[in-house]
Amino acid sequence: MQSSEQEEDLRLLRESARTLFDRAGGSGRARKLRDAGGEFDPDMIRELAEAGVFGVAVPEDQGGLGMGLAAGGVIAEEAGRVIAPEPVVATIGLGLGLLHRLCPDHPKLAQLIGGEASLAVAWQERGPGGAPAQATCRYAEGKLTGGKAWVVGAAGSQGFLVVAEGDDGPVLVLAEVGAAGLVTNTRAQADGSSLGELSFSATPAEELASGAAVRNALAEAVADATALAAAELVGLCQRAFEITLDYIKTREQFDKPIGSFQVIQHRAVDLNVMCEVAQAGVREVLARMDGETDANTRSRLASRAKARAVTAARKVTRDAIQLHGAVGYTDEFDIGLYMNRALVLSAWLGDDAYHRRAWFDAREEEGAAQ
Amino acid sequence: MTDWNAMSDAEFRKEVRGFFEAEYPEELRHLPHRPKFCEIEPWHRKLHARGWVAPAWPAEYGGMGLNAAKLLIFYEEQQRWGVNRGRDMGVQMVGPLIIKFGTQEQKDYWLPRILSCEDIWCQGYSEPGAGSDLANLRTRAEIDGDEFVINGQKIWTTMAHDATHIFMLVRTEPDTPRKQQGISFVLAPMDQPGVEVRTITTLSGETEFCEVFFDNARTPRENLVGELNKGWSMAKALLSFERIFIGAPSLAQNALGQLESFARGRGAFDDPVFRDRFAQAALDVEDHAALYARFADQLKRGETLGADVSMLKIWVTECFQRITELMIEAAGPDGGTVGPLQVGNVSVDVLASFYKARPTTIYGGSNEIQRNILSKAVLGLPG
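If you're matching them up, the sequences are chains A and B in order. This note's numbering numbers the first residue of the first sequence as 3 and each following residue consecutively. This note's numbering numbers the first residue of the second sequence as 6 and each following residue consecutively.
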């Protein structure tokens, strides 16, 4: 259980994040950006940075707010509520997660916290069959060669933090957009965003860190981002449910609100319970990850959170469409935007089936170690 | 007298755990059935001597006077060690009813007898036509001089065949505009010619539920608790703590532990499909515990729980049932076998767990009724 002081801090943070997102236009902003074909809004990035959003989980002595992942989760939930297209979680969890662990003195850390730089993290690779595969992208003598996939925020980014294979194990390097031999392709996503597919051919890059520390920091950052993505889905579920609840209270058929029919009521209750269980589970995970140092345990906790959030999001967003009836199938109603965003967030960093496997394996490993 | 509430949570937990572990008879741990009083009498004597029979009652009435936080710890430790709750209807239901609504005479007479188990209570709420729709009850109590004369039938009366007294909701005013009106709370002795008890054999072969028939049974008028015809609101007021208790994680957690050792022994984890289903169930239990903790914190802060607490019961009972289905799946061809199945040094009674899980979605307000409550009181849905 968190102390009441911490709880109060998180409550205030939630209030200010919600106000900020609502003032910026709520979920309407996501629709506008999608329709304009834009990835995300640079002004919004600056506003979020000014409010300290990106640095919430970065330690205070490194220029952050030092409020931990629990606070990151608050931000992620609020971003999820308005289906904000900005890579908030990717920045907090991956970008800053790597920089503050590996090179806290690098100027990019402060720039990323301050919203003056946007950096996307490229760490996964696509195998010949299209599925995720072992990393083979090489870094040697200051140059990158190979490819990276599933890069969140690639389209609006000024540079890439790339995890590559160096001569002595993994390295973290920085490649600027426009660098020689760097080709960026994008794959359109259901919510209007895109994922980057990068290819490097002797692309110059700056080495930031190397060795086992990179492997460990990556595992930690991925665990953080996974749990934060779960929190984003929790916020998304909550709001999708509220929208649906409003709809079934007002939509009339047979001269009555459809929410007066028992079968609709029971389905609504099940969605509500699903949302509450997911919120409680994911928040507990984030709070526990803050106090946990064992890497295996942290990643098990993150898997628990993502498995729960994806399960809930699937149920809530699909049922939300059904409860809206035919209008749920139109683009005009916001509920569809929530489902589309849920599809993207669920697939990113592993879905529920993936994370149940990961959770089970991590638990077996812990059991065997004891 | 010890002020338990002044202790730190950790100290108190240690105290309770220490007592249970040292004093609770090993052979009574995790009893699969509800015991008759004679079975657990030695344990009751120990609790009584220590003054721990009634953890929730105020100290002035012989209870421990625990606040909500300490009470939850007490129950958690009880469940953790598999300590049977004993014949606690008197402590859980009658005592609080009398303390809240009873006269001084009633308190002086009944409360010490509850603590000593001189009187053993059963609860007469449900009737054949009044289950989920409890207010539809028809058992009549008519005033005849200094007595009530009771006619009608109660059903699902837990352990009525091992009770000396019944506390019951009866209709004292037949024609009221709303059926919730005209209901009263009365206490009645079981040992009299007008009361007949028949046990009901359940699917599991147990006989812990009974039917109780009243044919001109009598009870003194002074055994009315609270005001005449105001029993309904009193009954509702009694249920506040019950509502989190009935949604506690322990039943599902214990079943999950059993499932895991059983499945491991049977080699069920070699099957990736089973592993996934196990992981789903285990995560359902973990995340429920997180939600339970949120409600428990609310109680600890001294807040009253809202109707939304019902969601705990819905989730955990349905989860409990899925876990017992997985046990049957892991048992394979032994899935229909009665009695304990031995796997290595663990013995698991798969069917006993399965049957135990069945009524959980029915009792305490069926899960369908809970969904009705949530949809109206929490989601504000019409009709």
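Glycine residues also receive a C-beta, built at the ideal position from the N, C-alpha and C atoms.
Name the chain B residues whose beta carbon is nearer than 9 Å to that of residue i?
i: A:Val1; result: There is simply no residue 1 of chain A to check, as chain A begins at 3 and stops at 372 in what is shown.
i: A:Leu247; result: Leu384, Gly385 and Leu386
Counting contacts by CB-CB distance shorter than 9 Å, is residue i in contact with chain A?
i: B:Glu81; result: no
i: B:Met94; result: no
i: B:Phe283; result: yes
i: B:Met12; result: no
i: B:Ala298; result: yes
i: B:Ile319; result: yes
i: B:Arg18; result: no
i: B:Arg405; result: Given that chain B is displayed from residue 6 to residue 388, the structure contains no residue 405 of chain B and the question cannot be resolved.
i: B:Asn377; result: yes
i: B:Asp276; result: no
i: B:Asp289; result: yes
i: B:Ser380; result: yes
i: B:Asp220; result: no
i: B:Asp292; result: yes
i: B:Glu330; result: no
Name, please, each residue of chain A whose Cβ falls closer than 9 Å to the Cβ of residue i.
i: B:His53; result: Those within 9 Å of B:His53 in chain A number zero; the least Cβ separation is about 34 Å.
i: B:Met316; result: Val271, Asn274, Val275, Glu278 and Val279
Please check the pair residue i and residue j, which I expect to be a contact at CB under 8 Å, by giving their CB distance rounded to whole angstroms.
i: B:Val217; j: B:Leu261; result: Not a contact, Cβ separation roughly 36 Å.
i: A:Ala307; j: A:Val287; result: 4 Å
i: A:Val1; j: A:Asp353; result: Lying outside 3 to 372, the shown extent of chain A, residue 1 of chain A is not represented and no answer is given.
i: B:Gly157; j: B:Arg145; result: 6 Å
i: A:Leu210; j: A:Val175; result: 6 Å
Per DSSP, what kind of secondary structure is residue i in: helix, strand or coil?
i: B:Phe172; result: strand
i: A:Lys258; result: strand
i: B:Leu346; result: strand
i: B:Val285; result: Looking at the sequence provided, one finds Gln at residue 285 of chain B rather than Val. In this structure, B:Gln285 counts as helix in the three-state DSSP scheme.
i: B:Val191; result: strand
i: B:Ile148; result: strand
i: A:Thr147; result: strand
i: B:Ile125; result: coil
i: B:Glu16; result: helix
i: A:Leu325; result: helix
i: A:Asn298; result: helix
i: A:Thr228; result: helix
i: B:Phe219; result: strand
i: B:Asn259; result: helix
i: B:Trp237; result: helix
i: A:Lys34; result: helix
i: B:Pro225; result: strand
i: B:Arg183; result: coil
i: B:Tyr368; result: coil
i: A:Glu199; result: strand
Check the Cβ of residue i against every Cβ in chain E and list those closer than 7 Å, keeping chain order.
i: B:Ala295; result: The structure shown contains no chain E; its protein chains are A and B.
Measuring alpha carbon to alpha carbon, tell me which of the options ends up nearest residue i.
i: B:Ser238; options: B:Ile205, B:Thr224 and B:Lys105; result: B:Lys105
i: B:Tyr66; options: B:Met6, B:Arg176 and B:Phe24; result: B:Met6
i: A:Trp125; options: A:Gly132, A:Gly116, A:Ala137 and A:Leu114; result: A:Ala137
i: B:Gln347; options: B:Glu110, B:Ala287 and B:Ala268; result: B:Ala268
i: A:Phe56; options: A:Ile115, A:Gln267, A:Ala223 and A:Glu199; result: A:Ile115
i: A:Ala133; options: A:Ala19, A:Glu118 and A:Lys150; result: A:Lys150
i: B:Leu331; options: B:Glu265, B:Asp292 and B:Leu296; result: B:Glu265
i: B:Met195; options: B:Ile205, B:Leu71 and B:Cys215; result: B:Cys215
i: A:Asp193; options: A:Asp333, A:Ser120, A:Thr21 and A:Gln64; result: A:Asp333
i: B:Val343; options: B:Glu110, B:Asn350, B:Asp302 and B:Phe359; result: B:Phe359
i: A:Asp63; options: A:Gln255, A:Ser5, A:Arg103 and A:Phe263; result: A:Arg103
i: B:Arg176; options: B:Gly388, B:Asp149, B:Asn141 and B:Ile205; result: B:Asn141
Could you tell me whether the Cβ of residue i comes closer than 9 Å to any Cβ of chain B?
i: A:Glu278; result: yes
i: A:Met3; result: Low local confidence applies: a pLDDT of 46 at A:Met3 is under 50, so the model's placement there is unreliable, and no value is given.
i: A:Ile250; result: yes
i: A:Gly66; result: no
i: A:Ala328; result: no
i: A:Ala309; result: yes
Is residue i close to the ligand GTP? I mean its beta-carbon at under 8 Å from any heavy atom of the ligand.
i: B:Asn89; result: Looking for the ligand GTP in the displayed structure turns up nothing, as the structure carries no ligands at all.
For residue i, which residues in chain A fall below 8 Å Cβ to Cβ?
i: B:Leu304; result: Simply none; closest approach about 13 Å.
Give the residues of chain B in contact with residue i, contact being defined as C-beta atoms less than 7 Å apart.
i: A:Gly261; result: Leu386 and Pro387
i: A:Gln255; result: Those within 7 Å of A:Gln255 in chain B number zero; the least Cβ separation is about 13 Å.
i: A:Ala232; result: Those do not exist, as A:Ala232 stays about 11 Å from chain B at its closest Cβ, beyond 7 Å.
i: A:Arg16; result: What A:Arg16 touches in chain B: nothing, since even the nearest Cβ is about 15 Å away.
Which residues in chain B have a C-beta closer than 8 Å to the C-beta of residue i? List them in chain order.
i: A:Ala355; result: Asp281
i: A:Trp125; result: What A:Trp125 touches in chain B: nothing, since even the nearest Cβ is about 26 Å away.
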